[in-house]
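Enquirer: The structure under discussion is supplied below as structure tokens; questions concerning it will follow.
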Amino acid sequence: MSLPPLWEKHFLPGADGLVESWMEGAQVLVRLSRSRVTKHGDYRFSRNGRPSVITINQDLHPVLFTITFAHELAHYRAGQKYGQQIRPHGPEWKYEFRVMLKELIESKLLSEEVAKAVIKCFFRRESIGSGSCEALLKAIGLTGGEVKIRRVVDVPEGKEFKLRSGRIFVKGAKARTRYHCIDKQTGRTFAVHPMAEIVD
Numbered sequence: 323m324s325l326p327p328l329w330e331k332h333f334l335p336g337a338d339g340l341v342e343s344w345m346e347g348a349q350v351l352v353r354l355s356r357s358r359v360t361k362h363g364d365y366r367f368s369r370n371g372r373p374s375v376i377t378i379n380q381d382l383h384p385v386l387f388t389i390t391f392a393h394e395l396a397h398y399r400a401g402q403k404y405g406q407q408i409r410p411h412g413p414e415w416k417y418e419f420r421v422m423l424k425e426l427i428e429s430k431l432l433s434e435e436v437a438k439a440v441i442k443c444f445f446r447r448e449s450i451g452s453g454s455c456e457a458l459l460k461a462i463g464l465t466g467g468e469v470k471i472r473r474v475v476d477v478p479e480g481k482e483f484k485l486r487s488g489r490i491f492v493k494g495a496k497a498r499t500r501y502h503c504i505d506k507q508t509g510r511t512f513a514v515h516p517m518a519e520i521v522d
């Protein structure tokens, strides 16, 4: 397959050949999604003869978009090889995800700083997942030069903040790896990543 122009702009520049090799022979639909606070992407197994579906947030940084794509496609690959009864983030999925990340690193498409962060986040930890490692998000922030990027972790508890999507939240207490934050418009509580970028 070849990536349509709409998709090329979301992936890392120059990653089209690599992504096409990942997708070769895959029977899966890939769709862009609006920004979601609680996840960067998701994967749904094939059901009732319908193809598997991957969705990825359309507003992700190209590095996160590419890694999230690999994360979700690894679910498809693992399911094809080992069956759909395997654990979602079990050893089979980890193996497939790391194979693609290794190819991404070897492609030299990542800066040295980001490549080191990918190794730290996804090869040296038992628990891995797209966007769940602060080292990776900090490395992506470094590529923006000297501009200070403000993140949810910088906001005092009880104060309001706005995400890049335009949604406004009130920061709550931290539970494990994320903050419980209240959406000002709906009153619903969401688990927001501490390294999520905020705007003025």
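Position one of the sequence shown corresponds to residue 323 (this note's numbering), numbered consecutively onward.
Glycine is no exception: its CB is placed at the ideal position from the N, C-alpha and C atoms.
Values in this document were obtained by computation on a predicted structure and should not be read as measured data.
Looking at C-alpha atoms only, which residue of Lys484, Val385, Pro516, Ala518 is the closest neighbour of glutamine 507?
Expert: Minimum Cα distance to glutamine 507 is reached at Lys484.
Enquirer: What is the rounded straight-line gap between the Cα of glutamate 479 and the Cα of valine 341?
Expert: Roughly 40 Å separates the two Cα atoms.
Enquirer: For a test of the three-state rule: what should DSSP assign to lysine 331, helix, strand or coil?
Expert: Three-state DSSP puts lysine 331 in coil, outside helix and strand.
Enquirer: Assign glutamate 479 to one of three DSSP states: helix, strand, or coil.
Expert: Correct three-state label for glutamate 479: coil.
Enquirer: Is it buried or exposed for phenylalanine 419, if we count other Cβ within 10 angstroms and need 16 for buried?
Expert: Under this definition phenylalanine 419 is a buried residue.
Enquirer: With DSSP run on the structure shown, which of helix, strand or coil describes phenylalanine 387?
Expert: Correct three-state label for phenylalanine 387: helix.
Enquirer: Per DSSP, which residues does histidine 502 bridge with? Please list them.
Expert: Histidine 502 is bridged to Ala513.
Enquirer: Smallest Cα separation from glycine 401: which of Phe367, Arg353, Leu386, Phe387?
Expert: That would be Phe367, whose Cα lies nearest to the Cα of glycine 401.
Enquirer: Starting from the Cα of arginine 369, find the closest Cα among Gln406, Pro516, Ile389, Phe512 and give me that residue.
Expert: Selected option, being the one with the closest Cα: Gln406.
Enquirer: With a 10 Å radius around its C-beta and 16 neighbouring C-beta atoms as the bar for buried, classify glycine 488 as buried or exposed.
Expert: Its Cβ having fewer than 16 others within 10 Å, glycine 488 is exposed.
Enquirer: State the start and end residues of the unbroken alpha helix (DSSP H) segment that holds aspartate 522.
Expert: Unbroken run through aspartate 522: none, as it is neither H nor E.
Enquirer: With DSSP as the reference, identify every bridge partner of asparagine 379, one or two as the case may be.
Expert: DSSP, once it has assigned bridges, lists Ser355 as partnering asparagine 379.
Enquirer: Does the contact criterion of 3 or more C-beta pairs under 8 Å hold for the stretch 381 to 398 versus the stretch 413 to 430?
Expert: Verdict: yes, contact present.
Enquirer: Tell me the DSSP secondary structure of glycine 412 in three-state form.
Expert: Reduced to three states, the DSSP call for glycine 412 is coil.
Enquirer: Tell me the residue span of the alpha helix (DSSP H) that contains glycine 339.
Expert: Unbroken alpha helix (DSSP H) run through glycine 339: 338 to 345.
Enquirer: Identify every residue that forms a DSSP beta bridge with leucine 485.
Expert: DSSP output for leucine 485 lists Ile520 as bridge partner(s).
Enquirer: Taking only the alpha-carbon atoms, compute the straight-line gap between glycine 509 and lysine 442 and give it to the nearest angstrom.
Expert: Their backbone Cα atoms lie some 36 Å apart in a straight line.
Enquirer: Just to confirm the assignment, what range does the alpha helix (DSSP H) spanning valine 474 have?
Expert: Neither: valine 474 is in no alpha helix (DSSP H) and is coded neither H nor E.
Enquirer: Apart from the five residues just before and just after valine 375, which ones in its own chain have a Cβ nearer than 6 Å to its Cβ?
Expert: Excluding sequence neighbours, valine 375 sits near Leu351, Arg366.
Enquirer: Give me the residue from Val514, Ser433, Val477, Ala495 with the minimum Cα distance to isoleucine 462.
Expert: Nearest of Val514, Ser433, Val477, Ala495 to isoleucine 462, Cα basis: Ser433.
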